[in-house]
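As structure tokens, the structure follows; a few thoughts come after it.
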Amino acid sequence: KCMFSVFDESRIFIAACRHWFILLVCDMVKSGEFSKYLLAILDHLLNVYSKNGGVAYDIGCAFSKTLNNSHLGPRACELN
């Protein structure tokens with residue numbers, strides 16, 4: 001039982017478009033709502049949609065500092 005505990009999911013983290021279509025789903029593994037999930041999803045969306053994407057998040061004001069300090073900061077600043 002202990003060996004498989006690393007696969008326990010606590011929640012899912014999703015990215016949806018403005019029409020509520022699910023674009024990405026990420027398993028959250030026993031760690032709560034950390035910014036790493038949003039950074040991973042944002043990295044993927046930037047790779048797919050490039051400069052023509054946009055992102056809104058319910059704690060955007062707190063996340064903007066995290067985003068600017070990450071390796072994704074310069075790419076996010078270039079969004080149209």
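Using the numbering used here, you'd call the opening residue of the sequence shown number 1 and step up by one each time.
Note that the Cβ used here is the ideal one computed from N, Cα and C, for glycine as well.
One or two residues paired with D27 in a DSSP bridge: I12
Exposed or buried, Y37, counting other C-beta atoms within 10 Å across all chains shown (16 or more means buried)? buried
Taking DSSP's pairing of strands, which residues face I22 in a bridge? A16
Does DSSP put F34 in a helix, a strand or coil? coil
Leaving out five residues on either side along the sequence, give the residues of the same chain with a beta carbon under 8 Å from the beta carbon of L72. L39, L42, D43, L46
Which of the three DSSP states is assigned to G73 in this structure? Helix at G73.
When we look at the beta-carbon of L67 and count the other beta-carbons within 10 Å, is it buried (16 or more) or exposed? buried
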